[in-house]
Amino acid sequence: MTMAQALNSAMDVMLARDPNVLIFGEDVGYFGGVFRVTEGLQKKYGRNRVFDTPIAEGGIVAAAIGMGVNGLRPVVEIQFCDYIHPAFDQLVSELSRLRYRSGGQFWSPVTVRTPCGGGIHGGQTHSQSPEAVYAHVCGLKTVMPSNPYDAKGMLISAIEDDDPVIFLEPKRLYNGPFAGDPEQQSGRWDAHPKGEVPDGYYTVPLGQAEVVVPGDELTIVGYGTLVHVAVAAAREAGVCAEIIDVRSMMPLDIDTLAASVKKNGRCLIVHEATRTCGYGAELSAQIQEACFWSLKAPIERVTGWDTPYPHAQEWEYFPGKKRVLEAIRRIMEIA
Amino acid sequence: MVELSQTVLLKAYRLMRTIREFESRVAVEFEAGTVPGFTHLYLGQEAIATGVCMHLTDADAISSTHRGHGHCIAKGCDVKKMMLELYCKRDGLCKGKGGSMHIADISKGMLGANAIVGAGAPLAVGAALTARTLGTPNVAVAFGGDGATNQGTVFESMNFAVVLRLPLIFAVENNGYGEHTGISYHLGAKDLVTRSAAFGMPAEEVDGTDFFAVYEAAGRAVARARAGGGPSTVVSVAARWRGHFEGDPQTYRDLAEIKELRKHKDCLKKFRQRVIADGSLKAEQLDAIDAEVAQLIDAAVNEAKAAPPPAPEDLTTDVYVSY
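Protein chains in written order, with my numbering: chain U, 974 to 1308; chain A, 576 to 898.
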């Protein structure tokens, strides 16, 4: 399955298993979603459970919160994560805070699915990576899968989770793995081990990182599209790097990361988002706290630049294979 | 009905033809893969931007939408620089940084295309409030689609403009669809005029494929705003000929509808028929414009393809005052 199909399958499974699950958002029903992730679901489950809304992101999230408080389990789509900001108040002041401020009386188990990331020439309002913003909002869980198998298992976990989840979907990966070289086409998920996705119900727990490639010279920590970029870059560098997919920003599985960095003594963090206060800053801080005495070199980050996502020069902005490769070489040179 | 001078008529025709030619060519080039990025075309709606913007000066501001090329051209932006922008080139209107969805030219009062639906209206409120605060005769126009009228930002802007009696015109373009969802589904009110009027301002609906109808309604609204009479809404109805974006499979729409539109709702055809029939312009005058515009767009595309890209260091400029 592609990642888009795997996500579709997760919602299909949950719509069938739990009558309280519903899907709504802009063009998700009749049209099937701009990335085809909700294709066919309205036809199968009817307009009462899979429906279109007006273009009104604040209203979409707010309505979901109200439904969640009252016993339903809404899964909403924000068409691009760049459109989510009209809903920011609802996410920060309502969705994330209800449990705490009601002293645990009520909460809202909403899942907000939203495509993120660049590499599709979307310019500044169709390419951003806001994971750090939401990881910073306590009360929300924030996750990002990097492959079809995880996407399905994690989305089912997110829907079943009683905490609200910001579920970020790297849109460049919807239809194939992408190793960060714009001169090369995306790969095919059906030729990738993680493209093998069971039809039925299974879960991948939130809050667990995964060692994607084991290695003993360097640890590369990333998530989303950059996992694939890191794998390709490490291979080309000829370095035996351990590559870890964070998968979940909040909660973070620091134990898996720390075990690896303690073993290898070198750590590179990679993400698409801008650098300052990007999620890599948190990763770097926590890894340093846990692994300071094992480090042989400073922890380095390869990230987007501190600029808005550009229209021109996308591949100079995007932290592709070349920049990751250079960073690997720098870190490995330190004695 | 107001008699329009030859100069006005020729200008209107040239603008509409330029938009038509620009967008038609972008469609071709996009399909050929030479234009990078996403693009949303204004084909079918040319008379709206033209009919509204012909009442404006460079000092009047407009806020635009993701479907903004028409607004740019009607507001007087340099067509060649627009094409350079679409092609990610250094000499584009925004140095290649904005692209189709964020194209802007402050020197022309064009505050920018905007890919966040409904985000332009509050910006126009700010422009109108500036005019009122500084006591200038300027007005602002908030362009937005039928889909955008459902955003809270547009509701807030309409009320704000009425309460502060701002020199603002909400130029609502009802093209039938909010992205891929038809207006019969997404609009709760009876129509957009009723809803806008409910905020406490004059509102009227016109045929957005009839330049004269748009021009007259917009003229009334702009005159009212300049005279201190406060905001108005002009709803122009003109279905788009293309999909929401280039490449949209348009499964939500009967494609026969588009054929009908091209046949019966073509603002250029309608304009041409009328001005020739009433003797105000000759076919040769219009043909000459057609030829000039075709040449201009052709040159714009060729120059854009050949133009230099930004330099590496341009990537990290224009973020702050300091860099």
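We put the CB at the ideal spot given by N, CA and C, even for glycine.
Of the residues the options, the one placed nearest residue i, counting alpha carbons only
i, options, result
"LYS672 of chain A", "U:GLY1092, U:GLU1287, U:TYR1252 and U:VAL1204", "U:GLU1287"
"HIS615 of chain A", "A:ASP721, A:ASP823 and A:ALA706", "A:ASP823"
"THR1087 of chain U", "U:SER1066, U:TYR1073, U:TRP1080 and U:PRO1118", "U:PRO1118"
"LEU1199 of chain U", "U:PHE1061, U:LYS1294 and U:VAL1023", "U:LYS1294"
"PRO1187 of chain U", "U:SER982, U:PRO992 and U:ARG1208", "U:ARG1208"
"THR625 of chain A", "A:LYS880, A:GLU888, A:ASP785 and A:GLY854", "A:ASP785"
"GLY1267 of chain U", "U:GLU1245, U:ASN1237, U:ILE1216 and U:GLY1277", "Correcting the residue type first, residue 1267 of chain U is Ser in the shown sequence and not Gly. SER1267 of chain U has its Cα closest to that of U:ASN1237, out of U:GLU1245, U:ASN1237, U:ILE1216 and U:GLY1277."
"LEU1141 of chain U", "U:LEU1179, U:ALA1308, U:LYS1167 and U:ASP1172", "U:LEU1179"
"CYS652 of chain A", "A:MET685, A:SER675 and A:CYS663", "A:MET685"
"ALA866 of chain A", "A:ASP782, A:CYS669 and A:ARG589", "A:ARG589"
"GLY911 of chain A", "A:ALA773, A:ILE691 and A:ALA772", "Because chain A is modelled from 576 through 898, residue 911 of chain A falls outside the range shown and cannot be assessed."
"ALA1036 of chain U", "U:LEU995, U:LYS1017 and U:LEU1014", "U:LEU995"
"ALA587 of chain A", "A:GLU888, A:TYR898, A:VAL789 and A:HIS839", "A:VAL789"
"ALA1203 of chain U", "U:ALA1300, U:ALA1182 and U:SER1221", "U:ALA1300"
"ALA607 of chain A", "A:ALA679, A:VAL876, A:VAL810 and A:ALA706", "A:VAL876"
"GLY1112 of chain U", "U:GLU1067, U:TYR1018 and U:ALA1164", "U:GLU1067"
"THR1011 of chain U", "U:PRO992, U:PRO1166 and U:VAL986", "U:VAL986"
"ARG1303 of chain U", "U:TRP1278, U:PRO1271 and U:PHE1291", "U:PRO1271"
"ARG801 of chain A", "A:LEU584, A:THR632, A:ALA602 and A:GLU598", "A:THR632"
"ALA1164 of chain U", "U:LYS1016, U:VAL1177 and U:ASN1148", "U:ASN1148"
8 Å Cβ cutoff met for residue i and residue j
i, j, result
"GLY1195 of chain U", "VAL1219 of chain U", "yes"
"ILE1033 of chain U", "PHE1004 of chain U", "no"
"HIS1201 of chain U", "ALA1152 of chain U", "yes"
"LYS1125 of chain U", "ALA983 of chain U", "yes"
"LYS1144 of chain U", "PHE1265 of chain U", "no"
"ILE864 of chain A", "ARG592 of chain A", "yes"
"ALA634 of chain A", "ASN713 of chain A", "yes"
"ALA1131 of chain U", "VAL1116 of chain U", "yes"
"ILE594 of chain A", "GLY674 of chain A", "no"
"GLU1215 of chain U", "THR1192 of chain U", "yes"
"ALA736 of chain A", "VAL781 of chain A", "no"
"LEU836 of chain A", "GLY619 of chain A", "yes"
"GLY727 of chain A", "ALA979 of chain U", "no"
"PRO1047 of chain U", "PRO1137 of chain U", "no"
"HIS755 of chain A", "ASP1000 of chain U", "yes"
"LYS656 of chain A", "CYS628 of chain A", "no"
"CYS663 of chain A", "ALA1105 of chain U", "no"
"LEU1031 of chain U", "ALA1060 of chain U", "Checking the sequence shown, residue 1031 of chain U turns out to be Gly, not Leu. In this structure, ALA1060 of chain U lies closer than 8 Å to GLY1031 of chain U by Cβ."
Residue i - containing beta strand (DSSP E), residue span
i, result
"ARG1086 of chain U", "1084-1089"
"ASN749 of chain A", "743-749"
"GLY626 of chain A", "No beta strand (DSSP E) holds GLY626 of chain A; the alpha helix (DSSP H) holding it covers 621-628."
"GLU1287 of chain U", "Premise fails: GLU1287 of chain U lies in the alpha helix (DSSP H), 1287-1290, not in any beta strand (DSSP E)."
"VAL1048 of chain U", "1046-1050"
"LEU590 of chain A", "Where LEU590 of chain A is concerned, there is no enclosing beta strand (DSSP E), although the alpha helix (DSSP H) it sits in stretches over 581-607."
"SER811 of chain A", "807-812"
"LEU1241 of chain U", "1240-1247"
"VAL1023 of chain U", "1023-1025"
Span of the alpha helix (DSSP H), counted from its first residue to its last, around residue i
i, result
"ARG799 of chain A", "786-801"
"THR1229 of chain U", "1227-1237"
"ALA636 of chain A", "It is not in any alpha helix (DSSP H) - ALA636 of chain A instead sits in the beta strand (DSSP E) that spans 636-638."
"ILE1304 of chain U", "1294-1306"
"THR769 of chain A", "767-772"
"PHE846 of chain A", "842-852"
"MET974 of chain U", "It is not in any alpha helix (DSSP H) - MET974 of chain U carries neither H nor E in the DSSP assignment."
"VAL1042 of chain U", "1030-1042"
"SER759 of chain A", "758-761"
"ALA831 of chain A", "830-839"
Burial state of residue i, where buried means 16 or more other Cβ atoms lie within 10 Å
i, result
"GLN1097 of chain U", "buried"
"PRO738 of chain A", "Note on residue identity: the sequence assigns Val, not Pro, to residue 738 of chain A. Exposed."
"ILE681 of chain A", "exposed"
"LYS857 of chain A", "exposed"
"CYS1089 of chain U", "buried"
"ARG847 of chain A", "buried"
"ASP1021 of chain U", "A small fix is needed here, since residue 1021 of chain U is Asn in this sequence, not Asp. By the 10 Å Cβ count, ASN1021 of chain U comes out exposed."
"THR1276 of chain U", "buried"
"TYR898 of chain A", "exposed"
"ASN981 of chain U", "buried"
"HIS839 of chain A", "exposed"
"CYS1213 of chain U", "exposed"
"GLN1101 of chain U", "buried"
"ARG1274 of chain U", "buried"
What ranges does the beta strand (DSSP E) occupy inside the region 1182-1213 of chain U, keeping only unbroken runs of at least 3 residues that lie completely in it?
1183-1186 and 1191-1195
Of all the beta strand (DSSP E) runs that stay within the bounds of the region 1080-1146 of chain U, which reach a length of 3 or more residues?
1084-1089, 1114-1116 and 1138-1143
What residue ranges within the region 661-732 of chain A form continuous beta strand (DSSP E) runs of no fewer than 3 residues, ordered along the chain?
715-720
Of all the residues that make up the region 995-1013 of chain U, which are near chain C by a beta-carbon distance shorter than 7 Å?
This model lacks chain C altogether, as its protein chains are U and A.
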